[in-house]
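Everything in the sequence shown is counted per the UniProt record's numbering, starting at 1 for the first residue and increasing by one. Positions of the beta carbon are idealized from the N, C-alpha and C atoms, including for glycine. See below for the structure under consideration.
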Amino acid sequence: MVGFGLGTLRYVPEESKDKVISDEDVLGTLLKVFQALFLNDFNKQSEILTMLPESVKSKYQDLLAVEHQGVKLLENRHQQQSTFKPEEILYKTLGFSVAQATSSLISAGKGVFVTKGLVPKGAVVSMYPGTVYQKYEPIFFQSIGNPFIFRCLDGVLIDGNDKGISKVVYRSCNGRDRLGPLKMSDSTWLTSEIHNPLAVGQYVNNCSNDRAANVCYQEFDVPAVFPIELKQYLPNIAYSYDKQSPLRCVVLVALRDINQGEELFSNYYTIVS
1 MVGFGLGTLR YVPEESKDKV ISDEDVLGTL LKVFQALFLN DFNKQSEILT MLPESVKSKY
61 QDLLAVEHQG VKLLENRHQQ QSTFKPEEIL YKTLGFSVAQ ATSSLISAGK GVFVTKGLVP
121 KGAVVSMYPG TVYQKYEPIF FQSIGNPFIF RCLDGVLIDG NDKGISKVVY RSCNGRDRLG
181 PLKMSDSTWL TSEIHNPLAV GQYVNNCSND RAANVCYQEF DVPAVFPIEL KQYLPNIAYS
241 YDKQSPLRCV VLVALRDINQ GEELFSNYYT IVS
C-alpha cells in the first residue's frame, strides 16, 4: 500500500466539484449493493426487522419473493436459504468483484484487484473505509507514521488504518453509535470476514509512470434519507458523536473499463478537468 501523507492535497477546479459521476449514481450503486447484501443475510436480520415499519418489512419480503421466483421454495425458505459470500453478491449485483491481494508493484504490500467480471467506466468500484475526523479534531497519534490518512478537499480526514490505535478508535465509535440491534456502521473491514465487499479502497495503490490510474477518488456525503437498516454496511463512522454534518464517505470510480485480473491504481493528486 502506497499511502497518503497529511500534506497530500488534490487539485480540483471549483467548477468540476470533484465529481466524475453524480451523487445520485453513487447513492444508487450503494443502495443496490447494500440491499442485495441485506436480502442475502435476511435470515440473520430478524432482530432488525422487528424495529422497522411494516411498509419497509413488506418491501424486503416482496423483493425476496421476486428473487426466488421460479424456484420451488421450501416452507420457511428464508430461514434456511443458502447465503452467498459478499463478493459473490457484488458480482451478481454489479457484474464484477474486487478483493485484496499482493500488489503487482514491488514492495507495495497489498493491492486491490478485479477478481471477476468487468468494471465499466464510471462504476463505483470500492469505498475508502475508516474513522472520519473534522479538521479541528484530534488525530495526532493516529496520524504518526500512518500511510492510511485520506485528506478530503475540505480538510476532512479519513483514517483507513486497520491496525493499532486507529482500529481501537473505530471499534469504539462503532459500539457507541448502535441503536439497539441497529448498527450505524460496519466494522467488519477490520477483520478477514468483510461484510461489505467494496470496503477495500484503502489498499488501492498509487499510479506510476508505467501504471496509469484506472480509478479516482470521489467524496460523497451520506444523505439523511439513507435507509437506517442499510447503515450496517457503511464502512465509515464519525469520530464526533454530536456532529450535525452528514457522514463523509469516499468512493473510487472507474476512469475506464477495467478487466478481470487487473490491479486498481489511483492518482492521489486527482485532477478532474
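Item, Value
"According to DSSP, simplified to helix, strand and coil, what is valine 225?", "coil"
"With a threshold of 16 other CB atoms inside 10 Å of the CB of tyrosine 136, please say whether the residue is buried or exposed.", "exposed"
"Just to confirm the assignment, what range does the alpha helix (DSSP H) spanning lysine 57 have?", "54-67"
"Measuring only between beta-carbons, confirm whether glycine 28 sits less than 7 Å from chain D.", "No chain D appears in this structure, which consists of one protein chain only."
"Classify proline 86 as buried or exposed, calling it buried when 16 or more other Cβ atoms lie within 10 Å of its own Cβ.", "buried"
"Going by DSSP in three states, lysine 163 sits in which element: helix, strand or coil?", "coil"
"Using the rule of at least 16 other Cβ atoms within 10 Å of the residue's Cβ for burial, across every protein chain shown, is asparagine 76 buried or exposed?", "Caution is warranted here: a pLDDT of 49 is assigned to asparagine 76, below 50, making its placement in the model unreliable, and the coordinate value is therefore given only provisionally. It counts as exposed."
"Leaving aside the five residues before and after methionine 184 along the sequence, list all residues of the same chain whose C-beta is less than 6 Å from its C-beta, in chain order.", "Asp177 and Lys231"
"Measuring straight from C-alpha to C-alpha, what distance separates valine 26 and phenylalanine 140?", "31 Å"
"Taking DSSP as the reference, what is the three-state secondary structure of glutamine 142?", "helix"
"With a threshold of 8 Å, are at least 3 pairs of Cβ atoms found where one atom belongs to the region 243-262 and the other to the region 149-164?", "yes"
"Between the Cα of isoleucine 106 and those of Ala199, Arg211 and Lys163, spot the shortest distance and give me the residue it belongs to.", "Arg211"
"Using the Cβ count rule (16 or more neighbours within 10 Å means buried), how would you classify glycine 28?", "exposed"
"Identify whether asparagine 205 lies in helix, strand or coil by the three-state DSSP scheme.", "strand"
"Given 6 Å as the limit, tell me if leucine 90 has its C-beta closer than that to any heavy atom belonging to the ligand SAM.", "Of the ligands one can find in the structure shown there are none, so the ligand SAM has no counterpart to examine."
"What residue does the alpha helix (DSSP H) around threonine 29 start on, and which one ends it?", "23-40"
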